[in-house]
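Chains as they are written, first to last, in my numbering: chain A, 415 to 835; chain B, 50 to 722. The beta carbon of each residue, even a glycine, is placed where N, CA and C say it ideally should be. I have placed the structure first, in the form of structure tokens, so that the comments after it can refer back to it.
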Amino acid sequence: KKKEFVSTTPYRLRKRLAAPNPYLESESEYSASCSEEEDEEDQKEVNTVLSSRKTPGKTKAASTPPPKNTLTKKNKEDKMNKLVEEYFEAHSSSKVLTSDRTLQKLQKRRLNQQTLHDLLKKAPLAYADEIKELNQQHGSLFSKWMLQLNLGFNIVLYGLGSKRDLLEKFRTSVLQDSVHLVVNGYFPGITVRSILNSITEDVLDHIGTFRSLLDQLEFIMKRFKEDSSLELYVLIHNLDSQMLRGERSQQILAQLSSLPSIYLIASIDHINAPLMWDQAKLSLYNWLWYETTTFSPYVEETSYENSLLVQQSGSLALSSLMHVLRSLTLNARGIFRLLAQYQLENKDNSSYPGLSFQDFYQQCREAFLVNSDLTLRAQLTEFRDHKLIRTKRGADGVEYLLIPVDDSTLTDFLEKEDEDV
Amino acid sequence: MSTCSVSKGCFVFKPSPKKRRVSQKTVHFGERKDSGDTDLQFVTCQALWNQIKQELEQIQEDLNKQLLDNLESFLRRSHSEFQAKTTEWTYRMKSREIPTAALVLGVNVTDHDLTFRSISEVLQQNVTPYIALLEAKDCTGIKNLMQKLMGQLMNCYIDVDSLEDEDNVQVSHNRIRCSMTSLVNWYEGVTKKTSSETPSKKRTSSSRHWLSSPIVVIFKDMESFTTKVLQDFIVISSQHIHQLPLVLIFGIATSPMIIHSLLPHSVSSLLCIELFQSLSCKEHLSTVVDKLLLTTQFPFKLGEKVLQVLINIFLYHDFSVQNFIKGFQLCIVEHFYSQPLSILCCQMADVKTRVNSLSHEQCENVRRLPSFRRYVEGQVSENQIALLTADNYLKEVVQKLLEDLHVYHENYIPVLRCLHVLTSSLPKYPLGKQIRELHCMCLEDQVWETEEYESALQLARMLNKSDLVNVLQQCVEIFVSSAVKEFDQTVEKLKEFLTQFQKLEVAEAFQERDVSVSSQKELQKKTDLYHLQKSLLELKESRRSKKLTKFEMLRFEVVDYIDGLVRSYLAPADHKTLHEVVYFNTPSVLREHLNAAPRIALHTALNNPHCYLKAFSTVVTAAEGPDAASSDQVDDIIHARFIRAVSELELLGFIKPSKQKTDHVARLTWGGC
């Protein structure tokens, strides 16, 4: 009896209960108790209801207690209620217990970029010989790549390991005598515009600006179509980087690569990189895929401070902040300090919009830092010019001020300032 | 100059002008170790590819011709009504209907570009200079759409009389407020100008254009336009249709129903839609296969597996004929690149000179070919020695063998077509519906040994007369048009079959009457049960044995004859000597380069224990010496390597930092959330 009932419980529910809940036993007990009391027909009904929907079944069973032996029923009802509570409690929060041993608690300080780099250099590269051999194998493909590029295909390299060195070798050994453009896709500041700019400015020697990216693209395409002697090899390391993987960027690059006199050779690393391209883009790119697993470490690609474990917020930001502020008047520094302190006070508030201009003015006045609205504005303009602050308008039209630096740097900054004063 | 920088992501390298490469193409086939005449290989390859490209363009043109003609006449019609201002037109003007052509092009979106290009070219030549090609990605709003539209129209106006300063106009069209009224004004200005121009000049510049040409707006990918933009455009332009002879062309990838689901009735009622269907991509592919592969015009051939890969990519990935052609091109390049003997893969006229100029090393290459070795083994011993030692003798033989191969192809194709004609009329298509499937089967193995062939023949033996005669007639046509001398006899034989069938028709009529009458008489004569039973049995017996009527005999004969043809001419190509010269049969190359699987590459690379050791040696070293590093201090190097491993994993997309918790990452692949 018991068994058959258990089996009617929806599988999903059973599974969910089973994992976090130690009350699996009572679950089946409850089921059994139900079936004991109800007659065959009722049981069937409950059965079906239960199997179709879990909660209605339960409420139904609870709301229609048969008249006989109420005491046991009540007892069971209690049990059941408890169970229901347990159930919802177990499912109320999806919190999974995780260890609170964060990296902060490590005795080791977070390494900065430079020391990391030095350390890694010292670390021996495992299987150096095999990797070297592998690279030599890839190297033998160079002439084939050149041929295929010239026949209108573009080449994409994939596989584990940094392909930067391989492409560099390709560049230095084959492309020395032709115009070529190297794009570091992993560079955090890279944009399609900068790629197009370097084509128009450096390759085509064009002076002037364009209204939009599409205009610029059109200009490039026109120039390359008109002048058949123009040829350009484009090497893109990490075509799938954060900055280039957007739909629009890929569309533009694809159109660029579809020109018969632009030869594109690119590398991808991200496991889902091919998802960037739909049929239309793929046909523009006209890829030939090459697997070039190199097993070499991604030294350059990961070198820009984006790692989780490297000490974040470069010393760069801090030093530039200090540098700029040193050259300002005392009052100006005070104003900045006020803003920084306020921002730090609110660092736990994730929806902190910034300090509104009016509040800020009030505070500055109280600290005798400014005497009029205008002086504060002039000061803020100066900050803005040095990119020390950012303003944005809230939904209500109020101007909010923010320092676009992360909290730890700001703390460091304030500490340093305190030392100075 | 280094390409590492913290401030820049793009680096341009320009060699000094004098160092710039003079001739590029010749270098590419060079720099390889194996012997071979690389230049000649490349030249042959290029020549062949150019030839094929021309053929392809021709095919494309032929296929589009029907569609283009229809479209053109549609434009003419819609236009003439505007010009003549007939009663029908005024009626239309009242109801503001825009003539619209709905072009159903199929799901292979990537091929559409070519079609549209040829459409706009032809229309520009024959119908109107005012053509605008719009794509959904440029037209996010009605404003962008109008901008794009006017830009294209006004540029084409420049093309008509190109004397005007380009910049001048370009600037001005940027300044013009992009509205329908300005478009109408522009159109009026243009038409007035052309009609006021001296007639002689106009004749020369646009003689084939009509007096007031319609404005054709092509929506390349109708489905991807936002409905609002489309609706707005249609409503606005319908307001101006009496001033502006506008014609819309919708490129549709799915089905014409999409127009009604995209546009509400109030808008679609403003359109006067006519449907045009382009050739389906499958038919397109069949034509391409037919013209490229099943012909002796091109010496280069695809092996069975390669063809299968290409067709599979087509059928299961994209339905794109362009991609199929790209794959074909890759095959050609690969073949000529990797096979030193591919210089012999040329037109028959050149074979003699090329064979004669083979170097000794090339001869050695020939001797190394597996098919040639098989051939040598089948020879008598003196001949074997001669083949293996004397280059000149070898050359003679090679020439002869190549000619044999050519003849084999010449015979193969008509017989294949005949077999296709026969089997494609059978129920359930045991040997495939398309000729390419049959071709693949024949290339793969001896087709007559397969079960499918057996069942096909069995079915063929049950064909009725009219079908069989039909098949025979088609076969005769094929053989006659193939113009191969060897088949003269075959044609004779088939014709003989045909006349026999005709004779049968007459004879049969007599016989049948005869039989039925006689048997009936017999039945009427004897009346007692035993005899009746006996005679019925006899009748049955006689029918079973006499089942082979004359027609049936003839049918058997015909099928057997075709079977004989198949057995003698459709032997798979890799049984032929020197097939390696013209057949490309390395499907792995194609699969690798066209249909790559980066995930699998990563997976195998990481599955490789060799790599595990490398990437995660930190784990190993940490496990090795817990006592050594018992202090809390983690070894610097291990720490650094761990950091690198994490950043690499992030770069590869296996993990990403989770925002919710400090120092936590979320796994993204292989069973992550």
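Straight-line CA distance for residue i to residue j?
i       : j       : result
E714(A) : S734(A) : 24 Å
R693(B) : S710(A) : 12 Å
S671(A) : F282(B) : 33 Å
R126(B) : E640(A) : 37 Å
Y424(B) : S474(B) : 38 Å
W385(A) : Q664(A) : With chain A represented from 415 up to 835, any question about residue 385(A) goes unanswered, as that position is not in the structure.
D609(B) : C380(B) : 38 Å
F165(B) : E110(B) : 12 Å
L658(A) : G352(B) : 40 Å
S584(B) : F600(B) : 26 Å
S167(B) : A622(B) : 38 Å
D86(B)  : I434(B) : 26 Å
V784(A) : Y775(A) : 8 Å
F421(B) : L454(B) : 13 Å
T626(B) : Q448(B) : 12 Å
Is residue i buried or exposed, if buried means 16 or more other CB atoms sit within 10 Å of its CB?
i       : result
N234(B) : exposed
N361(B) : exposed
S313(B) : Per the sequence presented here, residue 313(B) reads as Pro, with Ser not at that position. So P313(B) ends up on the exposed side.
S681(A) : buried
M195(B) : buried
Q793(A) : buried
I285(B) : exposed
A754(A) : buried
L497(A) : buried
N157(B) : buried
M602(B) : exposed
R740(A) : exposed
H737(A) : exposed
K458(A) : Reliability of the predicted coordinates at K458(A) is poor, the pLDDT of 45 falling under 50, and the value obtained from them is presented with this limitation in mind. Exposed is the call here.
V239(B) : buried
List, in order along the chain, the chain B residues whose C-beta lies closer than 9 Å to that of residue i?
i       : result
Y712(A) : R693, S696, E697, L700, L701
W687(A) : In the sequence on display, residue 687(A) carries Ala and not Trp. Result: P647, G702.
Y704(A) : E641, H642, A645
I682(A) : P647
By the criterion of Cβ-Cβ separation under 8 Å, what are the contact partners of residue i in chain B?
i       : result
K594(A) : Note on residue identity: the sequence assigns His, not Lys, to residue 594(A). Neighbours of H594(A) on chain B, chain order: V61, F62.
Y814(A) : Result: empty, since nearest Cβ-Cβ is about 22 Å, beyond 8 Å.
N763(A) : The contacting residues do not exist; N763(A) stays about 15 Å from chain B at best.
W573(A) : Inspection of the sequence shows that residue 573(A) is occupied by Gly rather than by Trp. Residues of chain B passing the Cβ test: P647, A650, L651, A654.
In chain A, which residues lie with their C-beta within 9 Å of the C-beta of residue i?
i       : result
A532(B) : Near A532(B) there are no residues of chain A at all, since even the closest Cβ is about 35 Å away, more than 9 Å.
For the alpha helix (DSSP H) that contains residue i, what are its first and last residues?
i       : result
I844(A) : Outside the shown range of chain A (415 to 835) lies residue 844(A), about which nothing can therefore be said.
N568(A) : Taken as a continuous stretch (DSSP letters only), N568(A) belongs to no alpha helix (DSSP H), being part of the beta strand (DSSP E) at 568-572.
Note the first and the last residue of the continuous beta strand (DSSP E) segment covering residue i.
i       : result
E146(B) : No beta strand (DSSP E) contains E146(B), which DSSP labels as neither H nor E.
E498(B) : Here E498(B) belongs to no beta strand (DSSP E), and DSSP marks it neither H nor E.
A181(B) : 180-183
F385(B) : Premise fails: F385(B) lies in the alpha helix (DSSP H), 370-387, not in any beta strand (DSSP E).
N598(A) : 594-598
K63(B)  : Careful: K63(B) lies outside any beta strand (DSSP E) and carries neither H nor E.
E813(A) : 813-816
Please list, in chain order, the chain A residues whose beta carbon lies closer than 7 Å to that of residue i.
i       : result
G58(B)  : V597, N598, F601, G603, I604, S608
C53(B)  : E714
T159(B) : Q693, A694, S697
D367(B) : Q693
K375(B) : N700
Name, please, each residue of chain A whose Cβ falls closer than 8 Å to the Cβ of residue i.
i       : result
V382(B) : L561, Q562, L565
Q371(B) : S697
Y386(B) : K558, L561
K331(B) : Within 8 Å Cβ-Cβ: nothing; K331(B) doesn't reach chain A, min ~17 Å.
Can you list the residues of chain B that residue i reaches, using a CB-CB cut of under 7 Å?
i       : result
S612(A) : C59, V61
E640(A) : Those do not exist, as E640(A) stays about 13 Å from chain B at its closest Cβ, beyond 7 Å.
What beta strand (DSSP E) runs, 3 residues minimum, are completely inside the stretch 255-343 of chain B? 264-268, 295-301, 320-326
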